[in-house]
Amino acid sequence: MALPRWGVLLVLAVVLLASCGAAPTDILYRVPEEQPPNTLIGSLASDQGLPDTGHLYKLEVGSPYLRVDGKTGDIYTTEIPIDRETLRDCRNLFPGDKCFLEFEVSITDMVKGIGSGPRLIEGRIEILDINDNTPQFSSPILTLSIPENTHIGALFSIPVATDKDSGDNGIAEYTLTAGPDADQLFSMQVVVDTDEKLPQLIVMGNLDREKKDSYDLNIRVVDGGKPPRASSALLRVTVTDQNDNAPKFERSQYEAELPENSPLGHSVLQVRANDADTGSNGEIDYSLHQAPETVQRLLRIDRSSGVIYVKGLVDREEENFLKFFVVARDRGPTSKSSKVLVTINVKDRNDNQPAIEIRGIGLVTHQDGVANISEDMPIGTPVALVQVSDRDEGENAVVTCVVAGDVPFQLRPASESANDRKRKYFLQTTTLLDYERVKDYRIEIVAVDSGNPALSSTNSLKVQVTDMNDNTPTFSPAMLEVDFAEGNHPGDKVLDVVATDADSGTNAELVYSIIELSATRLFEIDAVTGEVRVKNLLDREETERYEFRVTAADKGVPSKTGTATVVINVLDRNDNDPKFMLNGYSFSVNENMPPLNPVGVVTVTDADKGENSRVRLFVEPDNGKFVVQNGTGTILSSISFDREKESTYTFRLKAVDAGEPPRSSYVGVTINVLDENDNAPYVTKPANSSYTYLTPVTPLDTRVEVVEAEDIDAGPNAELYYSITGGNPYGLFEISPSSGEITLAQEFTGKHNGLHRLVVKVSDKGKPARHTTALVHVFVNDTKSNVSLIEALVGHSLYTPLDRDIAGDPNYALAQRSNILYGSLAGIAGVILVIVAVVVIRHRLQKDTKSGYQAGKKESKDLYAPKQGPKNGKGKKSKKGKAPKPAKPLEEDEEASLQKGLKFNLINDNVNDSPRIHLPLNYPPGSPDLGRHYRSNSPLPSIQLQPQSPSASKKHQAVQDLPATNTFVGTGDNNSTGSDQYSDYSYKANPPKYSNKQLPHRRVTFSTANQAQDLQDASQHSYYDSGLEESETPSSKSSSGPRIGPLALPEDHYERTTPDGSIGEMEHPENGKTRWSVVKHPAGEGGRTKKTALSQN
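Letter 1051 of the sequence shown, counting from 1, is numbered 1034 in my numbering, and no numbers are missing.
Quick look at the structure:
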């Protein structure tokens, strides 16, 4: 039944509003089915914003149901009505599925012509259902069996009706009409199951088969269309014996796949149901329930087993699935049944070849399989629309379509939509067609699907080319390359260019020209012959390659031109010298770098080419110190650098090319040697054995000494830093870190009197830093009358480990505490004792002055002897006639620590203001006046001699005022004597350790007293050191007296001689005295010391 026209227009309006948001490639219209001819469905121009003038619209797909207006693009229905229920793609739709009719329209721009190519528009039309089908029952008489004695309210399913319409036009309701005899026994209800209305008969009363075994009822079905459609059937209810249980299927639904083209009798699947009843009530029969005609034609079911077999030829392309119900009914007198949904999907087999359809497109018309196209059509002009489809599905429907053979045509997808089953391509040109070369083409299109095995099909089209004046001049070859030497003459010929034109007449007459204006400044071309000449001088180093285009234009209308590329390679001549990148090179290297290491890299270039640019490097002058690597330009050293010996190297590098004749150039190279901190500072002033005298009242900031040092390194490695690292426990002194000037920082007190040894560390600023150590001796006292003692203290300091501080009087604090204690206990008595002690000391001093120093005799009070505690109050005196005991030798580890702490040159120090007494000395540092306590028991170096002749019976005694001629040179030992309490100030080296070179030379004067002495007592023979070097005189020294003490060398170190050369000791009386001389032999004489007596004139 057709809708009124106003209703159709209303539906189309809604459709157009709904489709406004659709993509241009997915046009959708909606139209009810069964519309009369010429019903407007939609307008492509107005609805989709497409042009409505100057374009041609043509329906490609959609006939015979549709037609398109060629100018406006309006789509109309035709004389053949659109029946939704008969459309092939809509016959097996599920309820709720939509039905679509596809269409394609091509649009050709008539203004631009066919050469611009048509545009393909694809769309769909949704066919809306109308109520044009009446719902029908499967049979006019429906049978329903109900057991007697069925309880009231029992439900029994009534066979459903079917309606080809869908949606609101489908089944809407069922009604039941009963006669007077059944009105009180039966009623009906309708339940909805998955959008399907199922009628059910309700038992309202007691049924007795013996009274009445059947009832006839009238059931009516009505759809929801407007107006509605309805039909009726007779429902016959048969009352049977009682059957309690209905069959029950093992599954709620069944699904299976059935390959198409399966043979007849092929088993598809088996449905199974179970019935709890026994006997005939439990025996089940299977049957197809209300199956469509297609299912009944293709399938059958075994009544007893429930196996479904193939009955007819199954073609997936006709039916891709089968959906039906199977009923299981028992065989009881009052049978019960149940049904199950069975869905069979037909599986595709590759049994269909791809279909190729070729038709015209736009303004290109086809007639009898021939298409005509002009040769001047641009590349990409469509000549046909090719549609490839395959009725199979999946991989079997994926089709590959190609153009076979070597033809200037190709396929291009015509639509962006991906539809594997139906693809459309434009057959278009890939090159310009040339009627003079090929007048027609036979194009064969091959389509192959992806099945296994693959199926293919072919179709062909003949394309005829119409002639046009379309030939352009051509160059052969299109690129002309020529070599041309530099240094040419202007006007020289370079090459000839020639072009050809396949046309004739004026269309083949050519005119040559150069396209690039920049090239015309250097080159010119003859317009008729094509001869190219150079206008200027070419320089390869400036431009090595010239490339420009020349054109040949024919005289046709319009004129056509062809182009060619001309490449001119300029050949090289050796006209350039090698060139270094820099005018001079300066490199810096670290000193001590091993030989054959790179010190720098030079870069040399040659603007020429080939052998003319191959450069070799040479070192001039070649003194063997440096070599250069050709190729890399790396300069290598053949020596190891020492900046202190030579800090700069200068030479030249010569670069020579391989041209003919060769060209060369030079560059200067300077190698600067960078300093490394490989030298420690060395102190130039003061000497370690020197000292500076200061009085206790020296003011603050007084300059004490300046430590001067040098470092032969350079830069930060030679910048020096001075610091006091030892010997300054009281902070009396400070040193300038930069100048090395030592100044007094604090005032002296009584405990500061004595010798101070400052350990000065001189460090450079290198990384890592190097340093040296200097000793600065400062003697603080009211006077310096006893220079020998000061020098002895300095000498002993040189052998004292550096970690021990020598800073003034170490016993000062103890003396202060003792004085306080005595003052508190004794008071005035102490003062009297001091006076008595002073008198005694003065008396002894006068006695000593008169009698002189006696060899080997110790004084009554030894200030350097160990002090006793306050309990005794007196120290022991050494017995007369015995030599003082030497101190115990130091342990080996203590000696090693002293040697490690400080190593000094004991012989070569050149200091003017202090004697070279570099021997260890043991002394007590607490005397108020250090000079007056210097006695014969002083542990100074000494020489002990044993008299070997009877004439040596008198005791020897040193005389201070002997002239310098009556002297001897002896070798002193390193033994020091003193108390154990002052062992920190004692030092002894084992005598075997001395060599001839290590023993210091001393000048010692001897005399023999007139008194008779026991010559056999070795301890009474004392010989005294004047404290003078061999080159010194008594006047150059202090008058504090000679150095008195035993000569410590063993006797076998000396040789006793007489003036006549005989061995032994002899006395030569001369004014009551005999003069002796002991001379040390040189090294060549065994290092022995000779004692010789010399007479005085």
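Where a beta carbon is used, it is the ideal one built from N, C-alpha and C, also for glycine.
- Please report how far the alpha carbon of residue 140 lies from the alpha carbon of residue 428, in whole angstroms. Stepping through the sequence shown from its first residue, residue 140 is reached at position 157. Stepping through the sequence shown from its first residue, residue 428 is reached at position 445. Their backbone Cα atoms lie some 59 angstroms apart in a straight line.
- Message: For residue 575, count the other beta carbons within 10 Å of its own beta carbon; 16 or more makes it buried, fewer makes it exposed. Which is it?
- Response: Taking the sequence shown and counting its residues from 1, one reaches residue 575 at position 592. Result: exposed.
- Task: Using the Cα positions of residue 645 and residue 459, report the straight-line distance between them to the nearest angstrom.
- Result: Taking the sequence shown and counting its residues from 1, one reaches residue 645 at position 662. Taking the sequence shown and counting its residues from 1, one reaches residue 459 at position 476. Taking the straight line joining both Cα atoms gives about 42 angstroms.
- Query: When you compare only the Cα positions, how much space is there between residue 749 and residue 724?
  - Reply: Residue numbering aside, residue 749 sits at position 766 when the sequence shown is read from its first letter. Residue numbering aside, residue 724 sits at position 741 when the sequence shown is read from its first letter. About 22 angstroms.
- Query: Looking at the structure shown, is residue 279 part of a helix, part of a strand, or coil, going by DSSP?
  - Reply: In the sequence shown, residue 279 corresponds to position 296, counting from 1. The answer is helix: DSSP assigns residue 279 an H, G or I state.
- Message: Can you tell me which residues form a DSSP beta bridge with residue 775?
- Response: The sequence position of residue 775 within the sequence shown is 792, counting from 1. Partner(s): none; residue 775 has no beta bridge.
- To which residues of the same chain is residue 474 closer than 8 angstroms at the C-beta, ignoring the five residues directly before and after it? Against the sequence shown, residue 474 aligns to sequence position 491. Residues 516, 517 and 518 of the same chain have their beta carbon placed closer than 8 angstroms to that of residue 474, with the five preceding and five following residues left out of the count.
- Query: Per DSSP, residue 394 forms a beta bridge with which residues?
  - Reply: Along the sequence shown, one-based indexing puts residue 394 at 411. Its beta-bridge partners are 410.
- Task: Kindly indicate which three-state DSSP category residue 72 falls into: helix, strand or coil?
- Result: Within the sequence shown, the letter at position 89 stands for residue 72. Residue 72 falls in the helix class under three-state DSSP.
- Out of 228, 280, 250 and 284, which has the shortest C-alpha to C-alpha gap to residue 262? Within the sequence shown, the letter at position 279 stands for residue 262. Each of 228, 280, 250 and 284 was checked against the Cα of residue 262, and the nearest Cα belongs to 228.
- Task: Could you tell me which of 267, 759 and 283 sits nearest to residue 319, measuring between CA atoms?
- Result: Counting from 1 along the sequence shown, the entry for residue 319 is found at position 336. When the alpha-carbon of residue 319 is set against those of 267, 759 and 283, the nearest one is in 267.
- Cβ shell of residue 283 (< 6 angstroms), same chain only, five flanking positions each side left out: For this step, residue 283 is matched to residue 300 along the sequence shown. So the qualifying residues of the chain are 292 and 294.
- Item | Backbone CA spacing between residue 180 and residue 143 [nearest angstrom] | Here the question's residue 180 lines up with position 197 in the sequence shown. Here the question's residue 143 lines up with position 160 in the sequence shown. Straight through space, the alpha carbons of residue 143 and residue 180 are spaced by roughly 8 angstroms.
- Message: In this structure, how does DSSP classify residue 992 when only helix, strand and coil are distinguished?
- Response: For the purposes of this step, residue 992 is taken as the residue at position 1009 of the sequence shown. The predicted model places residue 992 with a pLDDT of 39, which falls under 50 and marks its position as unreliable; any figure quoted below should be read in that light. Judged by DSSP in its simplified three-state form, residue 992 adopts strand.
- Residues in its own chain within less than 6 angstroms of residue 534 by CB, not counting five upstream and five downstream? Working through the sequence shown from its first residue, we reach residue 534 at position 551. Within the same chain, and ignoring the five residues on either side of residue 534 in sequence, the residues whose Cβ sits closer than 6 angstroms to its Cβ are 496, 498, 544 and 546.
- Hey, how far is the Cα of residue 686 from the Cα of residue 727? The sequence position of residue 686 within the sequence shown is 703, counting from 1. The sequence position of residue 727 within the sequence shown is 744, counting from 1. Going from the Cα of residue 686 to the Cα of residue 727 covers about 7 angstroms.
- Return the first residue and the last residue of the beta strand (DSSP E) that residue 313 is part of. Within the sequence shown, numbered from 1, the residue matching residue 313 stands at position 330. That run of the beta strand (DSSP E) goes 304 to 313.
- Item | Beta-carbon spacing of residue 1144, residue 557 below 8 angstroms | It is not possible to answer for residue 1144, since the shown part of the chain is limited to -16 through 1080.
- Of the listed residues 254, 221, 223 and 115, nearest to residue 232 (C-alpha basis): Sequence index remark: in the sequence shown, residue 232 carries index 249 (1-based). Comparing Cα positions, the closest option is 254.
- What number of angstroms, rounded off, separates the C-alpha of residue 729 from the C-alpha of residue 743? To locate residue 729, count along the sequence shown from 1; it is residue 746. To locate residue 743, count along the sequence shown from 1; it is residue 760. Straight-line Cα distance between these residues: approximately 18 angstroms.
- So what does residue 185 bridge to, in DSSP terms? In the sequence shown, residue 185 corresponds to position 202, counting from 1. Bridge partners of residue 185: 138 and 170.
- Since I believe residue 592 is in contact with residue 523 (beta carbons under 8 angstroms), could you give me their beta-carbon distance rounded to a whole number of angstroms? For the purposes of this step, residue 523 is taken as residue 540 along the sequence shown, with counting starting at 1. For the purposes of this step, residue 592 is taken as residue 609 along the sequence shown, with counting starting at 1. Correct: roughly 7 angstroms between the Cβ atoms.
- What's the call for residue 815, buried or exposed, on a 16-neighbour Cβ count within 10 Å? Looking up residue 815 in the sequence shown gives position 832. Sixteen is the threshold: since fewer than 16 other Cβ atoms of the shown chains lie within 10 Å of the Cβ of residue 815, the residue is exposed.
- From which residue to which residue does the beta strand (DSSP E) around residue 128 run? Locating residue 128 in the sequence shown gives position 145, where the first residue counts as 1. In the DSSP assignment, residue 128 falls within the beta strand (DSSP E) that extends over 124 to 130.
- Query: In the structure shown, what three-state DSSP assignment does residue 211 receive?
  - Reply: Translated into the one-based positions of the sequence shown, residue 211 becomes position 228. For residue 211, the secondary structure class from DSSP, reduced to helix, strand or coil, is coil.
- Based on Cα-Cα distance, which residue from 220, 539 and 608 lies nearest to residue 486? In the sequence shown, the residue the question calls residue 486 occupies position 503. The shortest Cα separation from residue 486 among 220, 539 and 608 belongs to 539.
- Query: Opposite residue 547 in the DSSP bridges: which residues?
  - Reply: Here residue 547 refers to the residue found at position 564 of the sequence shown. Note: residue 547 sits in a beta bridge opposite 533.
- Item | Residue range of the unbroken alpha helix (DSSP H) whose run includes residue 678 | Looking up residue 678 in the sequence shown gives position 695. For residue 678, no alpha helix (DSSP H) run applies, since DSSP gives it neither H nor E.
- What residues are listed by DSSP as bridge partners for residue 157? Taking the first residue of the sequence shown as position 1, residue 157 is located at position 174. DSSP, once it has assigned bridges, lists 204 as partnering residue 157.
- Along the chain, where does the alpha helix (DSSP H) that runs through residue 31 open and close? Within the sequence shown, numbered from 1, the residue matching residue 31 stands at position 48. Start and end: 27 to 31.
- Task: Output the distance between the C-alpha atoms of residue 691 and residue 751, rounded to the nearest integer angstrom.
- Result: In the sequence shown, the residue the question calls residue 691 occupies position 708. In the sequence shown, the residue the question calls residue 751 occupies position 768. Spanning the two alpha carbons is a distance of roughly 22 angstroms.
- May I ask which residues mark the beginning and end of the alpha helix (DSSP H) holding residue 590? By one-based count along the sequence shown, residue 590 stands at place 607. In the DSSP annotation of this structure, residue 590 is not part of any alpha helix (DSSP H), being labelled neither H nor E.
- Bridge partner(s) assigned by DSSP for residue 365: By one-based count along the sequence shown, residue 365 stands at place 382. Under DSSP, residue 365 forms a beta bridge with 411.
- Task: Please work out which residues of its chain come closer than 6 angstroms, Cβ to Cβ, to residue 178, disregarding the five sequence neighbours upstream and downstream, and give them in chain order.
- Result: Looking up residue 178 in the sequence shown gives position 195. Within the same chain, residue 178 has close Cβ partners 78.
- Task: Tell me, please, whether the stretch 611 to 624 touches the stretch 579 to 588 by the rule of three or more beta-carbon pairs shorter than 8 angstroms.
- Result: Here the stretch 611 to 624 makes contact with the stretch 579 to 588; the two share three or more CB pairs at distances below 8 angstroms.
- Query: How should residue 317 be labelled, buried or exposed, when 16 other C-beta atoms within 10 angstroms of its C-beta is the threshold for buried?
  - Reply: For the purposes of this step, residue 317 is taken as the residue at position 334 of the sequence shown. It is buried - the Cβ of residue 317 has at least 16 other Cβ atoms within 10 Å.
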